[in-house]
Amino acid sequence: SSETKARERLAFDELLSTQLALALIRHRRTAVAGRALQGDGSLVGPARAGLPFALTGGQEEALRDITADMAAPTRMVRLVQGDVGSGKTMVALMAMLTAVEAGAQAAIMAPTEILARQHLDSMEPICEALGLSIVLITGRDRGEERQAKRDGVAKGYVNIVIGTHALFSDDGTFGNLGLVVVDEQHRFGVAQRLKLQDKGEKADVLVMTATPIPRTLALTAYGDMDVSQIKEKPPGRKPVDTRALPAQKLDSVIEAVGRAIAKGEQVYWVCPLVADTEMMDLVSAETRADALEQRFGDKVGLVHGQMKAVEKDAVVEQFYRGQISVLVATTVIEVGVNAPNATVIVIEHAERFGLAQLHQLRGRVGRGDKPATCLLLYHAGAGGLGETAKARLNILRQTEDGFRIAEEDLALRGAGDALGTAQSGLPDFRFADLTDHRRLLEMAAADAKMVVGDDPELQTERGEALRLLLYLFSRDDAVRLLRSG
403 SSETKARERL
413 AFDELLSTQL
423 ALALIRHRRT
433 AVAGRALQGD
443 GSLVGPARAG
453 LPFALTGGQE
463 EALRDITADM
473 AAPTRMVRLV
483 QGDVGSGKTM
493 VALMAMLTAV
503 EAGAQAAIMA
513 PTEILARQHL
523 DSMEPICEAL
533 GLSIVLITGR
543 DRGEERQAKR
553 DGVAKGYVNI
563 VIGTHALFSD
573 DGTFGNLGLV
583 VVDEQHRFGV
593 AQRLKLQDKG
603 EKADVLVMTA
613 TPIPRTLALT
623 AYGDMDVSQI
633 KEKPPGRKPV
643 DTRALPAQKL
653 DSVIEAVGRA
663 IAKGEQVYWV
673 CPLVADTEMM
683 DLVSAETRAD
693 ALEQRFGDKV
703 GLVHGQMKAV
713 EKDAVVEQFY
723 RGQISVLVAT
733 TVIEVGVNAP
743 NATVIVIEHA
753 ERFGLAQLHQ
763 LRGRVGRGDK
773 PATCLLLYHA
783 GAGGLGETAK
793 ARLNILRQTE
803 DGFRIAEEDL
813 ALRGAGDALG
823 TAQSGLPDFR
833 FADLTDHRRL
843 LEMAAADAKM
853 VVGDDPELQT
863 ERGEALRLLL
873 YLFSRDDAVR
883 LLRSG
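First residue of the sequence shown: 403, per the numbering used here; consecutive thereafter.
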């Protein structure tokens with residue numbers, strides 16, 4: 403019908419404006435000289451030799467992309483997507499060592515202090531063996547110690563810097579920053595990426611995310627970056643036994659938790675909400691923690707979104723160190739806590755979580771050598787579980803391939819939800835719907851690429867029209883770039 407045609411036309415224009423904005427940002431970046439960082443293998447060689455197992459084919463491929471980008475005179479901005487446990491951290495470390503071989507400093511920025519500490523724990527032994535200096539910079543550093551660390555970084559004595567966003571606070575300067583690695587991209591939108599790139603003198607930027615993103619979403623959320631995907635998992639990762647159980651089976655789930663604790667293993671217990679509300683009969687994290695404490699005493703800890711970061715970190719740290727056995731949490735544990743001794747994860751109200759989120763959460767277990775289990779507790783209404791919820795739980799039981807799960811998630815839920823739009827850095831679309839308009843998006847991406855190749859300043863007649871398009875869809879950031887150039 404003509405209405406559908408008209409809407410498709412508007413949707414295409416909207417998608418084109420976004421793709422054009424991203425293409426311009428990308429083009430502008432390649433026009434600015436970066437620095438060529440060419441390693442000689444003097445650090446990467448011994449570091450690889452010291453690893454307990456060889457890198458997987460996927461890791462090797464990502465590294466080839468990265469080292470080629472780093473050696474080129476233009477600036478790298480590359481996204482590495484790897485499923486939970488695909489070994490992104492090691493790839494990042496090898497890239498950082500390459501930067502150090504080339505005479506530069508490398509920095510890695512993690513979203514939370516606890517993750518920054520875990521990076522330090524895994525990287526420090528390797529760096530020390532190579533005779534490199536590595537420091538951790540967080541918002542908690544105070545006084546003389548803080549000053550000493552910052553001086554070492556500013557004078558270039560420190561080779562590798564790990565930190566939270568405190569790394570890039572205004573008084574932080576680097577002697578010679580060549581590579582910045584950003585862990586867990588979806589907390590950073592395009593605007594933050596641009597700001598980050600201004601900090602290092604033409605530093606290369608490598609972004610790592612554990613969220614496998616379908617191609618359609620990658621085009622809109624990360625169209626300004628080059629993308630590498632690590633498809634396979636390192637050897638030794640066992641599949642997680644995933645089961646869906648109705649909430650009525652709660653008692654037997656608690657028994658299973660008791661058995662795991664008796665064996666000295668650890669358990670995550672995830673709840674959807676923090677506090678009880680009259681409207682929803684969801685078991686909140688607080689209530690669940692109380693109930694589990696009556697059974698397991700002080701072996702139980704609780705983290706939720708209303709707590710201050712310092713308090714949260716303290717509890718997670720206790721879990722990480724093995725001082726508590728059960729961590730009851732809202733989804734704050736989604737990103738990256740590595741407790742190899744955790745063998746069971748219980749997810750309550752699993753029907754309320756998206757597929758990608760469930761997959762991320764499941765990836766918290768099965769990191770050690772013991773078999774792991776994921777128990778999805780669901781509450782079925784009077785009519786039983788809805789079709790979508792059923793499909794979701796089934797897909798999870800069938801596969802551990804995050805890329806397949808991401809595609810299915812997109813099909814089931816639509817684009818905004820699949821990334822959690824609020825934090826995804828995705829543009830808000832008024833006409834376009836990424837689920838219906840995938841074909842239009844592919845066309846828009848190709849068109850934008852062609853335009854920027856032929857007419858990067860948008861000077862031609864069509865270029866003028868496209869400037870207007872950018873204004874109409876308020877992609878002003880791109881228009882500003884054009885002017886500032």
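For each residue, glycine too, the CB sits at the ideal point set by N, CA and C.
Within 8 Å, strictly: CB atoms of residue i and residue j
i, j, result
"Leu418", "Leu871", "yes"
"Val702", "Val728", "yes"
"Val607", "Val479", "yes"
"Leu581", "Ala501", "yes"
"Ile564", "Ala518", "yes"
"Asp585", "Pro513", "yes"
"Ala473", "Gln440", "yes"
"Ile656", "Arg697", "yes"
"Lys772", "Ala425", "no"
"Ser444", "Glu503", "yes"
"Val583", "Ala470", "no"
Sheet register partners of residue i (DSSP bridge)
i, result
"Leu532", "Answer is none; Leu532 lacks a bridge partner."
"Pro648", "Tyr780"
"Ile562", "Ala508 and Ile536"
"Lys518", "Here residue 518 turns out to be Ala, not Lys, going by the sequence shown. Answer is none; Ala518 lacks a bridge partner."
"Arg389", "Any property of residue 389 remains undetermined from this structure, which presents the chain solely from 403 to 887."
"Gln375", "Given a span of 403 to 887 for the chain in the structure shown, any question on residue 375 remains unanswerable."
"Thr458", "Answer is none; Thr458 lacks a bridge partner."
"Val717", "DSSP lists no partner for Val717."
"Ile749", "Val672 and Leu778"
"Val702", "Val728"
"Ala435", "Thr476"
"Asp585", "Met610"
"Leu579", "Gln507"
"Asp643", "Thr775"
Pick from the options that is closest to residue i, judged by C-alpha positions
i, options, result
"Glu802", "Val582, Leu729 and Lys635", "Lys635"
"Asp485", "Lys633, Gln759, Arg661 and Ile663", "Lys633"
"Gln421", "Glu863, Gln861, Glu866 and Leu842", "Leu842"
"His761", "Arg794, His751 and Asp692", "Arg794"
"Val482", "Ala449, Asp553, Ala612 and Leu532", "Ala612"
"Ala731", "Gly452, Gln631 and Asp715", "Asp715"
"Ala520", "Glu547, Thr491 and Glu546", "Per the sequence shown, the amino acid found at residue 520 is Gln instead of Ala. With distances taken between Cα atoms, Gln520 lies closest to Thr491."
"Ala556", "Arg697, Tyr670, Gly577 and Ser403", "Gly577"
"Asn561", "Lys772, Gln759, Thr476 and Ala506", "Ala506"
"Phe833", "Ser403, Ser404, Ala687 and Glu410", "Glu410"
"Ala618", "Ser686, Ile427, Pro454 and Phe805", "The amino acid occupying residue 618 in the given sequence is Thr; Ala does not appear at that position. When each option's Cα is compared against that of Thr618, the closest is Phe805."
"Pro614", "Ile427, Gln668, Glu810 and Leu499", "Glu810"
"Tyr722", "Gly770, Gln696 and Gln759", "Gly770"
"Gly460", "Leu453, Ser488 and Ala470", "Ser488"
"Thr644", "Gln631, Ile749 and Thr476", "Ile749"
"Gly724", "Glu462, His429 and Gln668", "Gln668"
"Met709", "Ala451, Ala687, Asp700 and Arg548", "Ala687"
"Gln631", "Arg639, Lys651 and Met610", "Met610"
"Pro674", "Gly707, Gln720, Leu652 and Lys651", "Gly707"
"Thr458", "Ala438, Val493, Ile468 and Asp442", "Val493"
"Asp628", "Gly666, Leu499, Ile468 and Arg544", "Ile468"
"Arg653", "Gly554, Leu499 and Ala693", "Sequence check: residue 653 is Asp here, not Arg. When each option's Cα is compared against that of Asp653, the closest is Ala693."
Presumed contact (8 Å Cβ cut-off) between residue i and residue j, rounded CB distance
i, j, result
"Leu621", "Ala433", "Actually they do not touch by this definition, with Cβ atoms about 22 Å apart."
"Ile539", "Cys529", "Incorrect: roughly 15 Å between the Cβ atoms, too far for contact."
"Val642", "Ala758", "Wrong, their Cβ atoms sit about 16 Å apart, outside the cutoff."
"Glu416", "Phe831", "6 Å"
"Leu532", "Pro448", "6 Å"
"Leu763", "Val672", "6 Å"
"Gly768", "Arg639", "6 Å"
"His839", "Ala413", "5 Å"
Other residues of its chain near residue i: CB distance less than 8 Å, five sequence neighbours each side excluded
i, result
"Tyr780", "Ala646, Leu647, Pro648, Ala649, His751, Ala752, Glu753, Leu787, Ala791 and Leu795"
"Glu515", "Thr540, Gly541, Arg542, Thr566, Ala711 and Asp715"
"Leu812", "Pro616, Thr618, Leu619, Ala820, Leu836 and Thr837"
"Asp700", "Ile726"
Residues near residue i in its chain [Cβ-Cβ closer than 7 Å; skip 5 each side]
i, result
"Leu868", "Leu422, Val853 and Leu860"
"Glu405", "none"
"Ser524", "Thr491"
"Pro858", "His429"
"Gln720", "Gly703 and Ile726"
"Gln800", "none"
Same chain, Cβ closer than 6 Å to residue i, neighbours up to 5 away in sequence not counted
i, result
"Thr823", "With a pLDDT of 40 at Thr823, under the threshold of 50, the modelled position of this residue cannot be trusted; read the value that follows with caution. So the list is empty, once near-sequence residues are dropped."
"Thr476", "Thr432 and Gly436"
"Ile894", "Missing from the structure shown is residue 894; the chain here goes from 403 to 887 and no further."
"Arg877", "Ser419 and Ala423"
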